[in-house]
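Novice: First the structure, which I've put down as structure tokens, then a few questions once you've had a look.
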Amino acid sequence: MAKVTVRIPTPLRPLVGERAELNLEGDRVGDVLRELCAEHQGLREQLLDGEERLRNFVNIYVDDRNIRDLEGEQTQLADGEQLSIIPSIAGGRPAEAKGAAGGNGTAVADDLTPQEIHRYIRHLTMPSVGLEGQKKLKESAVLLVGAGGLGSPAALYLAAAGVGRLGIVDFDAVDVTNLQRQILHDTRWLGRSKLESARERLTNLNPEVRIETYEVKLTADNALDVLRGYDVVVDGSDNFPTRYLVSDACVLLGVPTVYGAIFRFDGQASVFGAPGGPCYRCLFREPPPAELVPNCVEAGVLGVLPGVVGTIQATEAVKLILGLGESLAGRLLLIDSLRMDFRTVAVQKDPACPACGDEPSITELIDYELFCGMTDAGVEGDGDVPEIGVEELKAALDAREPLAILDVREEYEWVICNLGRYGARLIPESELVGRLGEIDPKARLVVYCRSGARSAKAVEFLQQAGYTDAFNLRGGILAWGQKIDPEMAVY
Amino acid sequence: MVVRVVSQAERREAGSPAVELLLLPTDLLARIGEDLARAYPDEGCGVLLGRVCMDRREAIRAVPAENVWDGRSDRYQIDPEILRELLTAEGGAEGLRVLGFYHSHPDADPEPSATDRELAWPWYHYVIWPVREGVAGVPRAWRLSESGFVEIELQMEQAGLTGRQP
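Residue numbers (my numbering), protein chains in the order written: chain A, 27 to 517; chain B, 459 to 624.
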């Protein structure tokens, strides 16, 4: 008789004293199986049917061949061959449930998919987030005001975290000067829509997130429509009118705003409009006078800083959605990146606040540019000073008219671009008072800055000082770069 | 829902749970889900390999298997040839064992059907995935006991919790 070994699959091992292999003798497969069942009665039921025949859902292999492909139980055995009992694994879905979405134990629509569980596992393993928290994120909607320095990191992290719906408001194109800090965008997108750049980047990062874009300037007319339906608003705007607008609109809608702001090396962050918490107006009742508001372009900002502040904003947004920890509501975070000092100061809810106080006077949105003293005239020059357009200036220069051109920007701005080839001289606005003697009072003066705002003030001052033949260059060197010299590096 | 995702820390806090566990790393979870979604509207199936320690099993590898049940889209049978190879290799260099099997229930709940019950083997874990309209859902795990199918706690976690960079 042939000596063979029989391999026993795990489920049957308890029936053979937990052994994985047994040594048996027999000339045919059927003989060995029957001897096996005679020695181990428990196996009989598993392997043989009532008529002592091998059950359908058991496969027997001799080495690597199925006995069904040989001679079945009559298959001859040789010394040293191995018999394997291979369970046949089969089943099927319940016929009655086909096509039915109902019934007990049905997965609900908001369940995470296996792919999502894999993607968010480092959230899921934290007991305070878990499946429930991740589902909250998936069901949440966050609106980002601005896809710039603050909006970039906030959008990236919120998309990565699995916020279900991410709205973005912006109307700018990607400019090369943005790329020093606006990490959502890259060189491929220069000159194209920030929103489309954002959509592509965020969709690549996390295709599960629904991106909604609003290519508009947020105004009193459209703000409520845009903001409505979001759970949290992340304000990444860079100007006071928009901040007041966002804060007031969020108070009216009952939606918390995560505020962030940056200036050179300093950052701020807070949460406004949370239940019981203050709003932006509780902190700053009135905007600062427009002339004291530094234009961000002129002030500059450390490129990394919006990364810090925008990430803090994203953190606060996620905490608000998950209901975790203590938010910055009622506190203003002040960041001094030079000293790397983070401190918070308390911000009380003001019962007399016109927006969120006990008797609010702001019951609808107002004209925020007017409120902030930043009407177009205020920005572009107040219109009272004589102006000259860039085409007129070019024509006058080509005609060799005697002109003195004065640049009132800062020196670092001069380095980027200037009209030096036309004889322009640099006297920064701040030094003008002390350096008037350098200017010929009889000359016809054309004064420019970046956009025309500072030079308008300079012209006003020069006229009062007796330089009556002074003109402001409308649109500044930006307009020159756009209309006269497209090769010029503008900023 | 029996599906839970549990951190190591939480498990330590809870002490050694007496329940039967199947640990399913989330990369496997995601990949199996994709395979089964691809098989939709037919049933897909495969074999789970891994380690066994008392009542705790940890899936390490998933081997998709051909569904050799001919003629019906609502049945599955794992190709016995694949299973033979895997069973023969059990306890080999990798030390992996066949822990059980997975299959999908297209447009049905992840609970054992009458057919599943009839054809089940003891000891093995049967992980059943609902796939609705081509989207794989969250699976449930079962084992045939003397009194019928009992549910196994399925813990989904990232592979080798200690071995990967944070």
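Heads up, the beta-carbon is just placed ideally off N, CA and C, and yes, glycines get one too. These figures come from a predicted structure and were not determined experimentally.
Nearest to A:P304 by alpha carbon, out of A:V155, A:G383 and A:G117?
Specialist: A:G383
Novice: I need the DSSP call for B:H563, collapsed to helix, strand or coil.
Specialist: strand
Novice: Contact between the region 524–531 of chain B and the region 74–90 of chain A: three or more CB pairs below 8 Å?
Specialist: no
Novice: Along the region 360–383 of chain A, where does the CB come closer than 8 Å to a CB of chain B? Name the residues.
Specialist: none
Novice: Give the straight-line distance between the Cα atoms of B:L541 and A:A104, rounded to the nearest whole angstrom.
Specialist: 24 Å
Novice: Measuring straight from C-alpha to C-alpha, what distance separates A:A249 and A:E437?
Specialist: Spanning the two alpha carbons is a distance of roughly 39 Å.
Novice: Looking at C-alpha atoms only, which residue of B:F559, B:P568, B:L481 and B:S603 is the closest neighbour of B:E524?
Specialist: B:F559
Novice: For chain A, find out if any of its Cβ atoms is closer than 9 Å to the Cβ of B:R514; answer yes or no.
Specialist: no
Novice: Starting from B:N525, follow its DSSP beta bridges and name the residues at the other end.
Specialist: Under DSSP, the beta-bridge partners assigned to B:N525 are B:I536.
Novice: Go through its chain and collect everything with a Cβ distance to A:G415's Cβ below 7 Å, but skip five positions before and after it.
Specialist: Closer than 7 Å at the Cβ level, and outside the excluded window around A:G415, lie R500.
Novice: Going by C-alpha distance, which of A:R119, A:L138, A:G118 and A:R60 is nearest A:Q100?
Specialist: Of all alpha-carbon atoms in A:R119, A:L138, A:G118 and A:R60, the one lying nearest the alpha-carbon of A:Q100 is that of A:R60.
Novice: Taking the DSSP output, what are the residues bridged to A:Y306?
Specialist: DSSP output for A:Y306 lists no bridge partner at all.
Novice: Tell me, please, whether the CB atom of B:L487 is closer than 9 Å to any CB atom in chain A?
Specialist: yes
Novice: Compare the C-beta of A:F310 with all C-beta atoms of chain B and state if any pair is closer than 9 Å.
Specialist: no
Novice: Relative to the C-alpha of A:E71, which residue among A:L38, A:E158 and A:K162 is closest?
Specialist: Per the Cα distances, A:L38.
Novice: Using CA coordinates, which residue listed in A:K162, A:M152, A:I453 and A:L157 is at the minimum distance from A:L527?
Specialist: Outside the shown range of chain A (27 to 517) lies residue 527 of chain A, about which nothing can therefore be said.
Novice: Does A:S110 come within less than 9 Å of chain B when only Cβ atoms are used?
Specialist: With 9 Å as the cut-off, A:S110 counts as an interface residue toward chain B.
Novice: Does any C-beta atom of chain B lie closer than 9 Å to the C-beta of A:N444?
Specialist: no
Novice: Let's see if you can read the secondary structure: which residues bound the beta strand (DSSP E) around B:C511?
Specialist: C503 to C511
Novice: Can you tell which of A:G333, A:L50, A:E390 and A:Y87 has its C-alpha closest to the C-alpha of A:D251?
Specialist: Minimum Cα-Cα distance from A:D251 among the listed residues A:G333, A:L50, A:E390 and A:Y87 corresponds to A:E390.
Novice: What's the gap between the Cα of B:A599 and the Cα of B:D565?
Specialist: 17 Å
Novice: The beta strand (DSSP E) that contains A:F6, what's its start and end?
Specialist: Nothing can be reported for residue 6 of chain A, as the shown portion of chain A is limited to 27 through 517.
Novice: Inspect the beta-carbon positions of A:V189 and A:S166 and report whether they are closer than 9 Å.
Specialist: yes
Novice: Tell me whether A:V88 is buried or exposed, calling it buried when 16 or more other Cβ atoms sit within 10 Å of its Cβ.
Specialist: A:V88 counts as buried, since at least 16 other C-beta atoms from the protein chains shown sit within 10 angstroms of its C-beta.
Novice: If you draw a straight line from the C-alpha of A:L360 to the C-alpha of B:P483, how long is it?
Specialist: Those two C-alpha atoms are separated by around 42 Å.
Novice: Need the endpoints of the beta strand (DSSP E) that A:D393 sits in, please.
Specialist: Per DSSP, A:D393 belongs to no beta strand (DSSP E) and is neither H nor E.
Novice: Determine the closest residue to A:W440 out of A:G502, A:V459 and A:L396, with distance taken between C-alpha atoms.
Specialist: A:G502
Novice: Below 8 Å on the Cβ atoms is my guess for A:R290 versus A:E238; work out the distance and round it to an integer in Å.
Specialist: About 33 Å; that fails the 8 Å criterion.
Novice: Name the chain B residues that come within less than 7 Å of A:Y87, Cβ to Cβ?
Specialist: R542
Novice: Would B:S603 pass as an interface residue toward chain A - the criterion being a Cβ-Cβ separation below 9 Å?
Specialist: no
Novice: Would you say A:L423 and A:Y474 are within 9 Å of each other, going by their C-beta atoms?
Specialist: no
Novice: Would you mind telling me which residues of chain A sit closer than 8 Å to B:Q613, beta carbon to beta carbon, in chain order?
Specialist: Within 8 Å Cβ-Cβ: nothing; B:Q613 doesn't reach chain A, min ~10 Å.
Novice: Counting only Cβ pairs nearer than 7 Å, list the residues of chain A close to B:W527.
Specialist: A116
Novice: Which of the three DSSP states is assigned to A:D264 in this structure?
Specialist: coil
Novice: Along chain B, which residues have their Cβ under 7 Å away from the Cβ of A:R119?
Specialist: By Cβ distance, chain B contributes E501, D532, H563, P564, A566 and S571.
Novice: Residue range of the alpha helix (DSSP H) that A:L59 falls in?
Specialist: Unbroken alpha helix (DSSP H) run through A:L59: V55 to E65.
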